[in-house]
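Q: I'd like to ask you about the structure that follows.
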Amino acid sequence: MLIARSIALFAAAAVLEIGGAWLVWQGVREHRGWVWIGAGVIALGLYGFVATLQPDADFGRVLAAYGGVFVAGSILWGAVADGYRPDRFDVAGALICLAGMAVIMYAPRGH
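Under numbering that gives the first Met the number 0, residues 0 to 110 are what the sequence shown spells out, in order.
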């Protein structure tokens, strides 16, 4: 059950961080304005809070593992929100990052 909770928190964090960055990008680069930028800043702040809810108490481990989620999530977000077409190397790299995340977070440890 802890792994399912952890995965759900990683997914929520990814939506908030990647979505927040995308909103800021849209506000600045696509000239959508301060409302988009503000919404992005709020989402990014909420991401920071959600990351603290992980069951593992080690900041470095959680943020390092989240890096793998961020890589895969960013490619997925780009494909869905912006029509980005990942190639086989993007997909392979994302899967490698997710495998690394799983090892960092969920490998059995002796403590």
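We put the CB at the ideal spot given by N, CA and C, even for glycine.
Note that the structure is a prediction, hence the values are computed from the model and not measured.
1) May I ask whether a heavy atom of the ligand SAM can be found less than 7 Å away from the beta carbon of residue 66?
2) Could you please give the first and the last residue of the uninterrupted alpha helix (DSSP H) stretch that includes residue 7?
3) Taking 8 Å as the cut-off, does the stretch 36 to 48 touch the stretch 93 to 105 (at least 3 CB pairs, one atom from each stretch)?
4) Using 8 Å as the threshold, is the C-beta distance between residue 71 and residue 104 below it?
5) Determine the extent of the alpha helix (DSSP H) in which residue 60 is found, giving its start and end residues.
6) Going straight from the alpha carbon of residue 86 to that of residue 78, what length do you get?
7) Assuming residue 22 and residue 38 make a contact with CB atoms under 8 Å, what is their CB distance in whole Å?
8) Please confirm whether residue 82 has its beta-carbon closer than 8 Å to some beta-carbon of chain C.
9) Looking at the unbroken alpha helix (DSSP H) that takes in residue 106, where does it start and where does it end?
10) Note down, in chain order, each residue of its chain lying with its Cβ closer than 8 Å to the Cβ of residue 15, except the 5 sequence neighbours on either side.
11) Note down, in chain order, each residue of its chain lying with its Cβ closer than 8 Å to the Cβ of residue 32, except the 5 sequence neighbours on either side.
A: The short version:
1) The model depicted lacks the ligand SAM and carries no ligand whatsoever.
2) As a first step, residue 7 is located in the sequence shown; it is residue number 8 there, counting from the start. Residues 1 to 28.
3) no
4) Against the sequence shown, residue 71 aligns to sequence position 72. Against the sequence shown, residue 104 aligns to sequence position 105. Taking 8 Å as the Cβ cut-off, residue 71 and residue 104 do not qualify as a contacting pair.
5) Residue 60 sits at position 61 when you count from the first residue of the sequence shown. Taken as a continuous stretch (DSSP letters only), the alpha helix (DSSP H) holding residue 60 covers 58 to 81.
6) To locate residue 86, count along the sequence shown from 1; it is residue 87. To locate residue 78, count along the sequence shown from 1; it is residue 79. Cα to Cα, residue 86 sits roughly 11 Å from residue 78.
7) Residue numbering aside, residue 22 sits at position 23 when the sequence shown is read from its first letter. Residue numbering aside, residue 38 sits at position 39 when the sequence shown is read from its first letter. Rounded, the Cβ-Cβ distance is 5 Å, consistent with contact.
8) No chain C appears in the structure shown, which is made up of a single protein chain.
9) Numbered from its first residue, the sequence shown carries residue 106 at position 107. First-last for residue 106: undefined, no H or E at that position.
10) What you label residue 15 is simply residue 16 of the sequence shown in a count that begins at 1. The answer, listed in chain order, is 42, 43, 45, 46, 49.
11) By one-based count along the sequence shown, residue 32 stands at place 33. Excluding residues within five positions, the ones whose Cβ falls inside 8 Å are 26.
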